[in-house]
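Under the UniProt record's numbering, think of the first position of the sequence shown as 1, with each following residue one higher. Backbone N, C-alpha and C fix where the C-beta goes; we use that ideal spot for every residue, glycine too. Okay, structure first, notes after.
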Amino acid sequence: MSKKVLVTGADGFIGSHLVEELILQGYDVKAFCYYNSFNSWGWLDSFPKSLLDKIEIFTGDVRDPNGVRTAMKGCDMVFHLAALIAIPYSYHSPDSYVDTNIKGTLNIIQAAKDLEIERVLVTSTSEIYGTAQYVPIDEKHPKQPQSPYSASKIGADCMADSFYRSFDMPITIVRPFNTYGPRQSARAIIPTIISQLLNGYEEIKLGDLTPTRDLLFVKDTVKGFIEISKSNFLIGHECNIATNSEISMQKMADTLIHLINPSAKIIQDTDRLRPEKSEVFRLFGDNKKIIEHTNWKVEHTLEQGLQATIDWFSEAENLKQYKAGIYNV
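Take a look at the structure:
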């Protein structure tokens with residue numbers, strides 16, 4: 001009998017791809033979507049009816065413990081992805097990050113404890129490492145809260161780890177590096193570049209292009225989540241999903257410009273610069289743990305992933321959902 005799994009943040013970028021892959025692999029999926037008066041299910045609304053019919057939709061808010069508990073009843077496993085993720089927005093609205101990322105995670109793991117859920121995967125982020133002190137960055141790397149966002153995710157990770165240690169709960173902290181692909185938030189650099197280029201802009205507004213990132217195509221990320229969920233060894237562990245490589249944002253931007261419009265030029269927009277001490281200048285993830293303890297491997301090259309992302313954005317119905325002329329914090 002297939003496992004009944006709950007995916008929080010199912011209406012978002014990575015969550016919607018995870019829902020797709022779980023259905024493909026035969027899981028019984030309940031999708032936790034953020035309640036709103038428009039009855040929007042986020043990116044799940046773009047799914048064909050044949051796929052949506054296989055998904056149980058639950059609308060609620062991870063900040064509400066009662067709704068979380070109701071959603072989790074009858075589930076065997078939880079993939080907790082719901083979070084506030086935009087770093088610039090966390091500078092002026094940090095309270096909301098504490099409420100959603102820390103308290104929301106507490107609600108998930110408290111309900112999982114009471115309901116005796118078989119497996120809980122809590123989503124972390126490579127941002128918790130801050131600028132690399134050494135590379136590749138393994139799971140023992142010091143945590144550095146260089147933004148209110150990363151501080152809230154460190155708090156959520158610590159809360160999850162404390163429940164594993166205090167109550168012997170079957171929790172794994174999953175730490176994907178910089179995931180990109182179709183449906184990514186407009187505030188991220190790759191959608192920012194592609195949407196401007198495909199809208200015909202000759203001057204592409206960007207922030208600091210000196211940082212490096214370990215770029216992970218979303219389909220590889222979600223398969224990493226599922227493979228980690230199958231490994232009992234990784235209970236109680238933090239586990240990176242990474243490519244074990246890095247690329248500068250300058251080189252990545254140049255690559256996209258070459259693929260879409262070689263005549264376009266980059267101009268720096270000071271509004272998009274992070275405070276110097278808050279900018280994470282280098283992320284380069286170590287993937288030894290996930291490779292050693294699961295069957296996961298990187299299946300998409302950067303070139304393949306970027307082209308698939310461009311192809312998706314090139315569809316008029318998708319591109320029109322992005323406001324290329326507005327800086328999305």
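Beta-bridge analysis with DSSP links Lys265 to Glu203.
Burial check for Asn240: the Cβ neighbour count within 10 Å reaches 16 or more, so the residue is buried. Judged by beta-carbon spacing, Leu44 lies within the 8 Å limit of Ser16, meaning their Cβ atoms are closer than that value.
Look at His17 here: in three-state DSSP terms it is helix. In this model, Pro148 and Arg274 are separated by some 12 Å (Cα to Cα). Counting other Cβ atoms within 10 Å of its Cβ, His80 reaches 16 or more and is therefore classed as buried. CA-to-CA, the gap between Glu238 and Ala10 works out to about 22 Å.
With fewer than 16 other beta carbons inside 10 angstroms of its own, Lys230 counts as exposed. Of the other Cβ atoms in all chains shown, fewer than 16 fall within 10 Å of the Cβ of Ser166; this residue is therefore exposed. Around the beta-carbon of Lys320, fewer than 16 other beta-carbon atoms lie within 10 Å, marking it exposed. By the CB criterion at 8 Å, Lys323 and Ile267 fall outside the cutoff. Distance from the Cα of Leu121 is smallest, within the candidate group Pro170, Ala132, Leu115, Thr131, for Pro170. If the five residues before and after Ala151 are omitted, its C-beta is found closer than 6 Å to the C-beta atoms of Pro145, all from its own chain and listed in chain order. In this structure Pro142 is exposed. Its beta-carbon is surrounded by fewer than 16 other beta-carbon atoms within 10 angstroms. Within the region 228-302, the complete beta strand (DSSP E) runs of at least 3 residues fall at 238-241, 265-268. Counting the other Cβ atoms within 10 Å of the Cβ of Ala316 gives fewer than 16, which makes it exposed. With a contact defined as Cβ atoms closer than 8 Å, Ile55 and Ile23 qualify at about 7 Å.
Between the beta-carbon of Pro136 and that of Gly285 there is about 6 Å, and that keeps the pair under the 8 Å contact cut. At the C-beta level, Leu52 and Phe32 stay beyond 8 Å of one another.
In this structure, Ile190 lies near Tyr180, with their beta-carbon atoms less than 8 Å apart. Taking the CA atoms as reference points, Arg119 sits about 7 Å from Asp76. Exclusion of the five residues before and after Met249 leaves Ile189, Leu206, Asp208, Leu209, Thr210, Pro211, Thr212, Arg213 as the residues of its chain whose Cβ lies within less than 8 Å of its Cβ. For Ala31, the enclosing beta strand (DSSP E) stretches over residues 28-34. DSSP places Met72 within a helical segment (H, G or I) once states are collapsed to three. Of the other Cβ atoms in all chains shown, 16 or more fall within 10 Å of the Cβ of Lys30; this residue is therefore buried.
Glu292 counts as exposed, since fewer than 16 other beta carbons sit within 10 angstroms of its beta carbon. Looking only at Thr309, Phe47, Ser50, the smallest Cα-Cα distance to Ala186 is reached by Thr309.
C-alpha of Ser37 to C-alpha of Thr59: approximately 11 Å in a straight line.
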